[in-house]
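**Q**
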Amino acid sequence: MQELPKDGVSRINQLLPFLPISKSTVWAWVKQGRFPEPIKLSPTVTVWRNKDIHQWLNSIQG
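In our numbering, each residue carries its 1-based index in the sequence shown increased by 41.
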């Protein structure tokens, strides 16, 4: 099974296999402050820091 790299950044479609939520929920939770803020690299490219996603996953797993 593939793992999310510890370092670097990932786009949403690269993150989805590792998340217990859907793409639409990711965006809703970003707006609500319940999911890490993304980084906008260009008007069409948005990424998340992998370390932020790992921290978030650890926080929801207790």
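Note that CB positions come from ideal geometry on N, CA and C, so glycine has one too.
Is it buried or exposed for Pro79, if we count other Cβ within 10 angstroms and need 16 for buried?
**A** As a first step, residue 79 is located in the sequence shown; it is residue number 38 there, counting from the start. With 16 or more Cβ atoms within 10 Å of its Cβ, Pro79 is classed as buried.
**Q** Give me the Cα-Cα distance between Val24 and Phe76, rounded to the nearest whole angstrom.
**A** Here the chain has residues from 42 to 103 only, and residue 24 is not among them.
**Q** Helix, strand or coil for Lys64 per DSSP?
**A** For this step, residue 64 is matched to residue 23 along the sequence shown. Three-state result, Lys64: helix.
**Q** Just verifying my parser: in three-state terms, what is the DSSP assignment at Lys81?
**A** Along the sequence shown, one-based indexing puts residue 81 at 40. Three-state result, Lys81: strand.
**Q** Using the rule of at least 16 other Cβ atoms within 10 Å of the residue's Cβ for burial, across every protein chain shown, is Ile94 buried or exposed?
**A** Mapped onto the sequence shown, residue 94 falls at position 53. Buried: at least 16 other Cβ atoms inside 10 Å.
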